[in-house]
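Residue numbers (the working numbering), protein chains in the order written: chain A, 782 to 1230; chain B, 782 to 1230.
Quick reminder that beta carbons are idealized off the backbone N, C-alpha and C, glycines included.
No experiment lies behind these values; they were computed from the predicted model shown.
Here is the structure we will look at.
Structure representation (structure tokens):
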């Protein structure tokens, strides 16, 4: 199961930059209040993500789609951005081969290669089109609102290509709000579709069809994923649970100036989890002039990039190692050059031992120098663990938001940029924004060198 | 050429969180002092990276290697971590196709597919071995010290595999110190090699053989790369240059609490540049309890992940857009569904217009809300621009380090973790560290849930 180890956040182990050993007792009432707030909002249906592990009306339909797709499509193209792609990317990167798209079809067990179009960079878009045969591609269009400019532009492009060589109604599946938005209207023209529950926001939607449909198409065991989330949900029924403790420790350390929160997986496969969490944490908690800045680092790679800063920079960070007890393979380090002391000690060990020694060595060094660091421990990387991890971190985010007394479910700050963009793209109804761009922004004093 | 636009760092445009319009005048003396310090250290040969654009004794040898490799190898496997991989990865990602490894050989013009082994995760290592035919693979072993545990472990593994099926002396090329370290000793057993100048540290080595050899093997025009660096070097002969201004503005804004520095490329191809810069900035400046935390974000993707925080979180950031005037391709957005106002405005535009409107819209929104943001503008993504960018950011880093009165060339903070790791791996001579791990670290109070 998932363990949260916060030993190295404690004063006892790291000195003045840590938490008092009484912190939980001291904050138990506060946490109880937040717990009641969470349960009340859940009861009112405002925290839809908490229902997803238990209530998936479309699960059989998802499985049927995945079963029918096996061996049928060469490629899966996922059109979605932010919460509409990060969850599926995290699942794919964690559970499939690191060079999945290079594998022959039989090693993918008939699952398609996958391309995530999570940007509108024309070079990326063109690169995808050059890499796939559109006739042999299944396309998921994912946008909860049905209005996401990036995803809609890609949809228009794909539709145009498919109309020339294939059948749009066979090749395009839409995942959007069950009732609202232009994409839902378009579904009525004969497209297959799945629904995002209206009370589940993008960044909390990985366990809804937004994450489950692409995951199932890519061979992920979505039952195990949901079972892991269920298990974590059960474990979070008592106050002293990993999600609340993650939230509370980070909340308290923020008050001590530790406002940069690093997620540091020691597994290449978990890099997407860090990306997914980075959205969850930033978009949920960054508002009202407050909010931690989440940072993704990758062990061991970033020991050779960020560790100097983490060891000797300001005491402004909490670093969370995301570790794995058992990797899915073992690779030996052979023995050669035994005359060289800088080489000889490696031979006879395994890469597994090396990565774990590096993690532990880094953890010990950070602890020794009084740097706040915690650890999330997974037994192994599988769908069940990831389900538990997703759910736990989502709950932790809401808990931390309530501790901070902000609303972790909205994202009002992204609207202004969107309006300026729409004005620049000539969408009607944005005269104020167009005027601002033309008469203020483009005429402001420039400083260039 | 490369332009640094700092308009939106100025009080005039963003209010109280910006810099006075007199900042350059006020700090001209300080900058002059730093400039003299840089020139003096350069004269003493301590800033080797400043010579790299002009002095490349091995350039012809690099080109011969690359020419001979064309069409010969199916794969290039780069063993290197941190400064020994980030530069080459950045160049490859910027200048080659976004799905390069999926291209047929002819579209790669005979250049090999490439795998960067920048981690020791056994799942990644195994994944690479499963994806390549080792007989048809050229291997670069890159470590300046010749002692890097991760790279040496991979080297041992590859050597073992090649000995069984191929010829190690034909397939392995070593890039290391010209005289010191175990890898240089091993070269004497008959391996090809290139030298990293002793006065060029890992994170400043992209324009040395560390970056040039893999880049040339992957088809990069290394003459143009060096020419770009030369041009930037020339441009930095006067005080008011992009490198110094980047350094000075960031230094002054750090003093105003803006300690998180975001590099935000609006081009998928430049994601590796942000990773490369992240090491350069963190490892150079994070010491003595000081130092900014660099963050990589990708436009437009991270508008749907981090923008909420950037717009409404604390005023603790400087965001640098890295923009491109001319993308290397143009992709049209077709017109369909003209009845829907949320879709109709997109059709008839290009993806190029969309990404640039999103960048400008985001920039205007950040500026409107008083958020410090700057912009590095490239005409296009090519080897010349990247050479200029690499050189400019390296010089900016040294300049910022001197402004902060720290040594931007060392990284003393990474040693302790390495020693603990070596103790855990059973290397002799680490009894103190072994004892500390066993008697302190593994026996400290644990807090888990």
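| Asked | Found |
| --- | --- |
| Give me the residue from A:898, A:871, A:884 with the minimum Cα distance to residue 911 (chain B). | A:884 |
| Along the chain, which unbroken stretches of the alpha helix (DSSP H) at least 4 residues long are found entirely within the stretch 1025-1088 of chain A? | 1052-1066 |
| Is the stretch 931-938 of chain B touching the stretch 856-870 of chain B, taking contact as three or more C-beta pairs under 8 Å? | yes |
| In whole angstroms, what is the alpha-carbon distance linking residue 828 (chain B) and residue 787 (chain A)? | 42 Å |
| Listing by chain order, which chain B residues have their CB less than 9 Å from the CB of residue 1059 (chain A)? | 1083, 1086, 1087 |
| Identify each residue in the stretch 890-922 of chain B for which the Cβ-Cβ distance to at least one residue of chain A is less than 7 Å, and report them in chain order. | 899, 900, 901, 902, 903, 904, 905, 906, 907, 908, 912 |
| Closest to residue 1050 (chain B) by CA distance: which of B:832, B:782, B:876 is it? | B:876 |
| Any idea which residues DSSP pairs residue 976 (chain B) with across the strands? | B:957 |
| Under 7 Å between C-beta atoms, does residue 977 (chain B) make it to chain A? | no |
| Going by alpha carbons, who is nearest to residue 1214 (chain A) out of B:1229, B:841, B:1149, B:1056? | B:1149 |
| In chain order, which alpha helix (DSSP H) runs of at least 4 residues are fully inside the stretch 847-931 of chain B? | 867-876, 903-912 |
| Does the stretch 1141-1155 of chain B touch the stretch 1192-1210 of chain A, meaning 3 or more C-beta pairs lie closer than 8 Å? | yes |
| If you measure between the beta carbons of residue 956 (chain B) and residue 915 (chain B), is that distance less than 7 Å? | no |
| Which stretch, first to last residue, makes up the alpha helix (DSSP H) that contains residue 1124 (chain B)? | 1122-1125 |
| Between the stretch 1115-1127 of chain B and chain A, which residues of the former have a C-beta closer than 8 Å to a C-beta of the latter? | 1115, 1116, 1117, 1118, 1121, 1122, 1123, 1124, 1126, 1127 |
| May I ask you to list the residues that DSSP assigns as paired with residue 1101 (chain B)? | B:1044, B:1155 |
| For residue 1185 (chain A), which residues from the same chain have a beta carbon less than 7 Å from its beta carbon, with the 5 sequence-adjacent residues on both sides left out? | 1032, 1066, 1071 |
| Residue 1230 (chain B) and residue 785 (chain A) look like a contact to me (Cβ under 8 Å); what is the Cβ gap, rounded to whole Å? | 5 Å |
| Starting from the C-beta of residue 1174 (chain A), find all residues in its chain whose C-beta is less than 6 Å away, skip the five residues before and the five after it, and write them out in chain order. | 1058 |
| Consider the Cβ of residue 1112 (chain B): report whether some Cβ of chain A lies at a distance smaller than 7 Å. | yes |
| By the criterion of Cβ-Cβ separation under 8 Å, what are the contact partners of residue 1195 (chain A) in chain B? | 1084, 1085, 1088, 1089, 1092 |
| Would residue 1107 (chain A) count as contacting chain B if we go by Cβ distances under 7 Å? | no |
| Where do the N-terminal and C-terminal ends of the beta strand (DSSP E) with residue 1187 (chain B) fall, by residue? | Where residue 1187 (chain B) is concerned, there is no enclosing beta strand (DSSP E), given that its DSSP letter is neither H nor E. |
| Suppose you measure from the CA of residue 747 (chain A) to the CA of residue 1084 (chain B); what does that come to, to the nearest Å? | The shown model of chain A, from 782 to 1230, leaves out residue 747 (chain A), and the question about it has no answer. |
| For the pair the stretch 1107-1116 of chain B and the stretch 793-808 of chain B, tell me if three or more CB-CB distances fall below 8 Å. | no |
| Less than 7 Å between C-beta atoms, sequence neighbours within five positions excluded: which residues of the same chain meet that for residue 1008 (chain B)? | 1165, 1168 |
| Considering only C-alpha positions, which residue in the set A:900, A:898, A:1126, A:1035 is nearest to residue 1211 (chain B)? | A:1126 |
| When the Cβ atoms of the stretch 989-1009 of chain A are set against those of the stretch 840-856 of chain A, are three or more pairs found closer than 8 Å? | yes |
| Nearest chain A C-beta to residue 1068 (chain B) closer than 7 Å, yes or no? | yes |
| Compare the C-beta of residue 1048 (chain A) against all C-beta atoms of chain B and say whether one is closer than 7 Å. | yes |
| List the residues of chain B that residue 1209 (chain A) touches, going by C-beta distances under 8 Å, in chain order. | 1122, 1126 |
| Tell me, which residues are paired with residue 786 (chain A) by DSSP? | A:1156, B:1229 |
| For chain A, check one thing: does any of its Cβ atoms lie closer than 7 Å to the Cβ of residue 941 (chain B)? | yes |
| Shortest alpha-carbon distance to residue 1208 (chain B) belongs to which of A:1182, A:1121, A:1179? | A:1121 |
| Enumerate in chain order the residues of its own chain whose CB-to-CB distance from residue 1055 (chain B) is below 6 Å, with the five nearest sequence positions on each side excluded. | 1044, 1046, 1077 |
| I need the DSSP call for residue 1141 (chain A), collapsed to helix, strand or coil. | helix |
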